[in-house]
Each structure stands twice: as C-alpha cells, then as structure tokens.
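Notes to accompany the following structure.
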Amino acid sequence: MSQGFSKSSVGRKILMALSGFFLLIFLLQHFVINMLSVISADAFNDVSFFMGTNPLIQYLMQPVLLFGVLFHFIMGITLERQNKAARPIQYAVNNPSFNSSWMSRNMAITGLTIFLFLALHFYDFWFPEIKTKFIDGDMTELNANGEFRFYEELLHKFTNPIRVGIYCLAFVFLSLHLMHGFQSAFQSVGLNHRKYTPIIKKLGTLYAVAIPAGFIFIALYHFLINAH
Amino acid sequence: MSTTKNINITLKIWRQKNAQSKGNLETYQLNNVSTSSSFLEMLDQLNEQLVNERKEPVAFDHDCREGICGMCSLYINGRAHGPDTGITTCQLHMRMFNDGDTIYVEPWRSTAFPVIKDLVVDRSSFDRIQQAGGFVSVNTSGRTMDANAIPVPKADADKAFEAAACIGCGACVATCKNGSAMLFVSAKVSQFALLPQGKVEATDRVLNMVRQMDEEGFGNCTNTGACEVECPKGISIENIARMNREYLSASATSDK
Ligand code: HEM
Ligand code: SF4
Ligand code: FES
Numbered sequence: 004m005s006q007g008f009s010k011s012s013v014g015r016k017i018l019m020a021l022s023g024f025f026l027l028i029f030l031l032q033h034f035v036i037n038m039l040s041v042i043s044a045d046a047f048n049d050v051s052f053f054m055g056t057n058p059l060i061q062y063l064m065q066p067v068l069l070f071g072v073l074f075h076f077i078m079g080i081t082l083e084r085q086n087k088a089a090r091p092i093q094y095a096v097n098n099p100s101f102n103s104s105w106m107s108r109n110m111a112i113t114g115l116t117i118f119l120f121l122a123l124h125f126y127d128f129w130f131p132e133i134k135t136k137f138i139d140g141d142m143t144e145l146n147a148n149g150e151f152r153f154y155e156e157l158l159h160k161f162t163n164p165i166r167v168g169i170y171c172l173a174f175v176f177l178s179l180h181l182m183h184g185f186q187s188a189f190q191s192v193g194l195n196h197r198k199y200t201p202i203i204k205k206l207g208t209l210y211a212v213a214i215p216a217g218f219i220f221i222a223l224y225h226f227l228i229n230a231h
Numbered sequence: 002m003s004t005t006k007n008i009n010i011t012l013k014i015w016r017q018k019n020a021q022s023k024g025n026l027e028t029y030q031l032n033n034v035s036t037s038s039s040f041l042e043m044l045d046q047l048n049e050q051l052v053n054e055r056k057e058p059v060a061f062d063h064d065c066r067e068g069i070c071g072m073c074s075l076y077i078n079g080r081a082h083g084p085d086t087g088i089t090t091c092q093l094h095m096r097m098f099n100d101g102d103t104i105y106v107e108p109w110r111s112t113a114f115p116v117i118k119d120l121v122v123d124r125s126s127f128d129r130i131q132q133a134g135g136f137v138s139v140n141t142s143g144r145t146m147d148a149n150a151i152p153v154p155k156a157d158a159d160k161a162f163e164a165a166a167c168i169g170c171g172a173c174v175a176t177c178k179n180g181s182a183m184l185f186v187s188a189k190v191s192q193f194a195l196l197p198q199g200k201v202e203a204t205d206r207v208l209n210m211v212r213q214m215d216e217e218g219f220g221n222c223t224n225t226g227a228c229e230v231e232c233p234k235g236i237s238i239e240n241i242a243r244m245n246r247e248y249l250s251a252s253a254t255s256d257k
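Keeping their order, the protein sequence lines are chains A and B.
Numbering-wise, this note's numbering comes out as the position in the first sequence, counting from 1, plus 3.
Numbering-wise, this note's numbering comes out as the position in the second sequence, counting from 1, plus 1.
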C-alpha cells in the first residue's frame with residue numbers, strides 16, 4: 004500500500020466500508036445464535052458454550068471484533084469531524100431532503116446511538132461474562148444448579164420493560180444506519196454496477212429491516228412469553 | 002409554452018465586502034421581473050436598480066450564460082443552481098418562481114471555496130486538483146499520433162464522454178453535506194482512466210489528484226448521492242466507485 008492510504012479520504016472510506024462489512028457479517032452471526040434462544044434453550048446453551056469456550060473465538064475473534072467496533076467508531080468520528088470542517092458556515096436555507104435520504108445524512112447520529120446502546124450491551128452481557136471468567140476465575144459456564152447459565156442470564160436481562168424498550172429503540176436506529184450503510188459500503192469499495200447495484204440496494208433494505216426486526220422480535224418474545 | 006408575465010419578488014442575498022469581512026444576508030425588493038428572464042438577468046436588473054440608487058452592485062460569477070462554462074454558481078432557496086435539475090444557474094428561468102416569492106441567494110459554502118466577495122467564491126482549488134493529474138502527456142513535436150488510430154470500445158468511449166461533460170462548476174461540493182469534491186475528481190479521473198491514452202499515467206494520476214483534493218480541505222464522501230442529483234451535467238456516482246477502485250489498485254501497486 005502507498006504510504007498515504009490510511010490518511011487519504013478514499014483510503015479511509017475503503018477502510019470504513021471494510022469494517023462495516025465485517026460488522027454486518029458479525030451481526031448476522033449474532034442474530035442466528037440469538038434466534039436459537041427462541042427455538043430451543045438447549046441449542047442456545049450449547050452454541051453459547053461453544054462460543055464462550057472455543058479458544059479461536061475467545062482469543063482471536065473476540066479481540067478482532069473489539070478492534071473492528073472501535074476502529075469503525077473512531078474512523079466514523081474522524082471522518083465526520085473532517086466533514087464538518089469542510090463546511091464551517093452553514094447555508095441560511097437548505098433543502099437536502101430533495102436530493103438525499105435522511106439515513107444517508109445522519110450516519111454519525113445513528114452510529115452514535117448504536118454506540119450508546121453498545122455501552123449498555125457490554126454492561127449487561129460482556130462485562131459480567133469477563134468478570135465471571137477472568138476475574139472470578141469461574142470457567143465452568145454453569146449456574147448453581149449445575150446447568151448452563153447462558154439461557155437463564157438472557158431471560159433475566161429481558162424482564163425490565165425499560166431495558167427492553169431501550170433495546171428495541173436501539174435496533175430501530177441500527178436499522179436506519181444499515182438502510183444506508185449496507186449499499187454504501189459496496190459503493191465505497193468501488194462496487195457499482197448497472198446490473199448488480201439495484202440488487203445490492205434491495206438486499207440492503209432486506210437486511211436492514213429483517214435483522215433489526217428479528218432482534219426486536221427476540222427481545223419482545225422473551226419479555227412477553229417467557230419472562231412472565 | 003407558458004406566457005410571460007411580470008412578478009414582484011423579495012431577495013435575501015449574501016453580501017460580503019471581501020474575503021476577510023463577515024458578511025450577512027441583505028433584503029432587496031425587486032418589482033416587474035419578467036418570468037421569461039433568466040435568473041442572472043434578474044440579478045442584472047437588481048444591480049441596475051442598485052447602481053441607480055448609488056449602491057454597490059452584487060458581485061456574482063458568470064461567463065457563457067449558456068450552461069457550458071461552469072462559472073455561474075449560487076445556492077438558491079436551499080439548492081445548488083436553484084429549483085430545477087440538470088441545469089446551471091444561467092439556465093434557470095424566473096418562471097420557476099411566483100409573484101410575492103422570497104428568494105434566498107447564497108454563495109457555495111465550502112472551506113475549499115472561500116468567498117471572495119458577495120456571491121463570488123474562489124474555485125482555484127479545482128484548478129490545482131486538475132494540475133495535479135487531470136491531463137495526458139503528449140508529444141507535441143509535430144509528429145503526434147492521431148488519437149483515433151487507437152481503437153476504443155464504444156461503451157468505454159461513451160462513459161469517458163459522459164464523465165468529460167463535467168464543467169467544474171462545483172455544485173457537487175456545494176450541495177454535499179460533507180463539502181466533498183469526489184464527484185468532480187472522479188469525473189476527471191474517469192474520463193482518462195477509461196481511455197487507452199489515459200492508462201499510461203493512471204496510477205500517478207489518481208494518487209496525485211486525491212492527495213491534492215484532500216490537501217484543499219474538501220470533505221469525505223458518505224455516498225448520500227446528493228451530488229449526482231444536483232450536477233447540471235448528470236455525472237453519475239458510478240465515477241466515484243471507479244475512482245475508489247483506481248485508488249485502491251494504484252495504492253497497492255505504486256512504489257510511492
Ligand atoms: C459503534 C457505533 C457505530 C458508529 C459510531 C458508526 C458510525 C458510522 C459512520 C459515521 C458511518 C459513515 C461513514 C462514512 O460513510 O464515511 C458509518 C458507516 C457504516 N456503518 Fe457504522 N457505526 C457504528 C456501528 C455500526 C454497526 C454495528 C454496523 C453493522 C452491523 C455498522 C455498519 C456500517 C456500514 C455497513 C457503513 C457503511 C460504510 C460505507 O459507507 O462505506 N455500523 N458508520
Ligand atoms: S461533477 Fe457536476 S456538479 Fe460537480 S463540478 Fe462537475 S459538472 Fe459541476
Ligand atoms: S455562465 Fe457559463 S455555465 Fe452558467
């Protein structure tokens with residue numbers, strides 16, 4: 004790579020898109036596992052056990068994911084700041100809705116909302132997980148009754164209506180982020196084709212609606228049916 | 002054809018003495034504007050009125066007044082080149098407005114296009130991007146080979162021609178929420194990248210033009226697509242994707 008790649012606008016756009024692709028794939032995987040919790044508690048426990056104990060996932064993919072999220076976040080903020088600096092004086096009258104979608108113009112806002120949600124998500128799931136495993140040193144993945152603890156912990160998180168509400172709202176913002184982001188990432192890496200781009204755009208809308216709606220369904224399902 | 006009538010309008014125009022001064026929106030009343038006149042003719046009429054009142058006329062850019070030079074600019078009622086698509090401001094007609102309308106007229110707003118006076122901005126940042134690589138080097142000794150001697154696939158020739166239609170007006174930058182110049186630069190990169198004559202210097206061209214674009218302080222594209230909607234020449238963001246591809250492969254293969 005030429006030296007200036009990661010400092011240039013185009014290079015950064017490409018890196019932004021690559022981290023976006025990575026997060027899209029991760030999210031799909033996360034969705035499939037969560038969906039198991041609706042279908043079968045045992046299956047969910049088994050897969051969670053695999054994810055929680057497999058060394059490749061724990062010590063390779065988990066750091067890569069953390070890096071991916073942080074990279075996407077920091078790069079997103081950096082680009083947004085540069086973009087703000089490129090227009091220090093705003094128009095007195097502006098009519099951007101004529102030529103672009105709200106989603107495309109507010110990636111930083113929807114992104115920041117996702118980030119706030121991630122903070123809550125980490126507080127809920129990731130920090131306790133790390134504490135149990137690496138601070139308390141409990142690697143058994145079992146609860147006091149000697150059963151896998153994952154499903155039980157999941158249910159516990161979906162009892163508070165406020166938390167469930169925040170979860171659902173966050174996924175609405177994720178949906179808005181991906182409505183633009185999915186197809187945008189293809190354009191950023193240079194994939195724009197008269198035949199394929201319309202298909203990519205349709206796929207993007209499908210992904211952006213179906214996956215967040217699925218997460219919302221899972222949260223509501225546990226809240227309404229199981230937790231009561 | 003619509004019939005001509007006269008309308009009365011209120012104008013809110015950005016006035017700024019020079020690059021250093023602050024500037025503000027001034028209000029002007031202008032009566033008896035023919036709906037058959039162009040937007041720039043309307044501004045001429047305003048300036049005549051201002052001169053008669055012994056006031057400083059409004060400075061604005063223009064040259065060909067037929068949509069080919071790219072000099073005219075203006076952000077009119079919240080849109081680059083005003084309330085119509087596929088046109089420059091000199092091609093905008095007053096029939097797009099109604100009697101009693103208030104019309105806001107502002108300069109392009111971009112760090113890389115500083116205001117010089119009133120509605121006139123300095124677009125020499127575009128010139129410097131062009132100088133960084135927007136050309137092909139040819140032997141001008143007199144034994145220049147005829148360009149037509151090299152066969153070019155029709156589809157490529159058409160795409161290169163479409164990209165070459167860019168007149169460097171800067172509407173893409175003005176309308177982009179990020180003040181990004183990627184549509185302009187990608188059109189200039191594409192018009193050469195698609196042709197055999199341009200392939201020779203393709204690697205350095207895209208690297209140098211993007212570097213210059215970044216140095217000038219333009220923002221980063223977020224693929225909102227606003228630029229291609231407002232571009233008077235219908236330049237497509239397909240060109241931005243092509244530039245990104247060119248940039249990626251140039252970065253991977255260049256020695257620099
Ligand atoms: C951590 C919170 C997040 C923040 C602050 C954030 C911020 C941003 C910003 C500002 C952009 C636009 C950047 C640009 O176009 O130059 C963007 C693009 C994108 N984001 Fe996010 N995002 C976040 C989370 C996510 C997540 C969780 C996903 C996917 C599951 C995602 C997927 C994407 C995609 C696919 C793009 C398009 C990339 C492109 O336009 O090339 N983002 N993000
Ligand atoms: S790409 Fe279109 S809007 Fe941008 S400078 Fe060229 S002609 Fe003007
Ligand atoms: S004055 Fe030449 S394009 Fe408008």
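All residues carry an ideal CB built from backbone N, CA and C; glycine is no exception.
- The Cβ neighbour count for P233/B, taken over all protein chains shown within 10 Å, is at least 16; the residue is labelled buried.
- Proximity of the beta carbon of G171/B to ligand 2 is indicated: a heavy atom of the ligand is located closer than 7 Å.
- DSSP places W105/A inside the alpha helix (DSSP H), whose first and last residues are 105-108.
- Around the beta carbon of A20/B, a 10 Å sphere encloses fewer than 16 other beta carbons of the protein chains shown; the residue is thus reported as exposed.
- K56/B and Y94/A have their C-alpha atoms some 25 Å from each other.
- A check of alpha carbon separations from C171/A across P99/A, L115/A, F137/A, F220/A identifies F220/A as the nearest.
- Inclusion of S111/B and V174/B in the CB contact set at 8 Å is warranted, their separation being smaller than that value.
- The beta carbon of V211/B falls within 8 Å of a beta carbon belonging to chain A, placing the residue at that interface.
- If you check the CB distance, Y29/B and I14/B come in under 8 Å.
- Taken through DSSP and simplified to helix, strand or coil, H94/B comes out as strand.
- Residues are counted here when their Cβ sits less than 9 Å from a Cβ of chain A; for the stretch 3-21 of chain B these are K13, W15, given in chain order.
- I28/A: member of the alpha helix (DSSP H) spanning 12-42, first to last residue.
- DSSP places Y170/A within a helical segment (H, G or I) once states are collapsed to three.
- Within the same chain, and ignoring the five residues on either side of F61/B in sequence, the residues whose Cβ sits closer than 7 Å to its Cβ are L44, L75, D119, L120, V121.
- Residue contact with chain A for R124/B: absent (no Cβ-Cβ distance below 8 Å to any residue of chain A).
- Cα atoms of G14/A and G135/B: separation of roughly 20 Å, rounded to the nearest angstrom.
- For V72/A, same chain residues with a beta-carbon under 6 Å away, outside a window of 5 residues either side, do not exist.
- Inter-residue distance for I241/B and L184/B is about 6 Å (C-alpha atoms, whole angstroms).
- N179/B has a beta carbon lying within less than 8 Å of a beta carbon in chain A.
- Within the same chain, no residue comes within 7 Å of L63/A by CB-CB distance, once the 5 residues on both sides are set aside.
- Counting along the chain, the unbroken alpha helix (DSSP H) around V190/B starts and ends at 183-194.
- Taking a contact as a CB-CB distance under 8 Å, the pair E54/B and C91/B does not count as one, their CB atoms being some 25 Å apart.
- Those residues of the stretch 197-229 of chain A placed with their C-beta closer than 9 Å to a C-beta in chain B are R197, T200, ordered along the chain.
- F47/A and I117/A have their C-alpha atoms some 25 Å from each other.
- A straight-line Cα-Cα distance of about 18 Å links V211/B and I236/B.
- In terms of beta-carbon proximity, Q190/A lines the interface with chain B, with at least one pair separated by less than 8 Å.
- Taking C-beta atoms as the reference points, A213/A and F161/A fail to come closer than 8 Å.
- Contact check for M95/B against T11/B fails: the beta carbons are separated by 8 Å or more.
- Non-local beta-carbon contacts of L47/B in its own chain, meaning distances under 7 Å to residues more than five positions away in sequence, involve L12, Y29, L31, V59 in chain order.
- In this structure, the alpha-carbon of P58/A lies about 18 Å from that of I138/A.
- The contact set of Y105/B on chain A, defined by CB atoms closer than 9 Å, consists of Y94, A95, V96 in chain order.
- By the criterion of at least three beta-carbon pairs nearer than 8 Å, the stretch 98-114 of chain B is in contact with the stretch 211-224 of chain B.
- Of the residues assessed, Q32/A falls on the exposed side of the cut-off, its CB having fewer than 16 other CB atoms within 10 angstroms.
- Of the other Cβ atoms in all chains shown, 16 or more fall within 10 Å of the Cβ of S191/B; this residue is therefore buried.
- At a Cβ-Cβ threshold of 8 Å, P201/A and A227/B do not count as neighbours.
- Excluding the 5 residues flanking it on each side, C170/B has same chain C-beta neighbours closer than 7 Å at G71, S74, T89, P233, in chain order.
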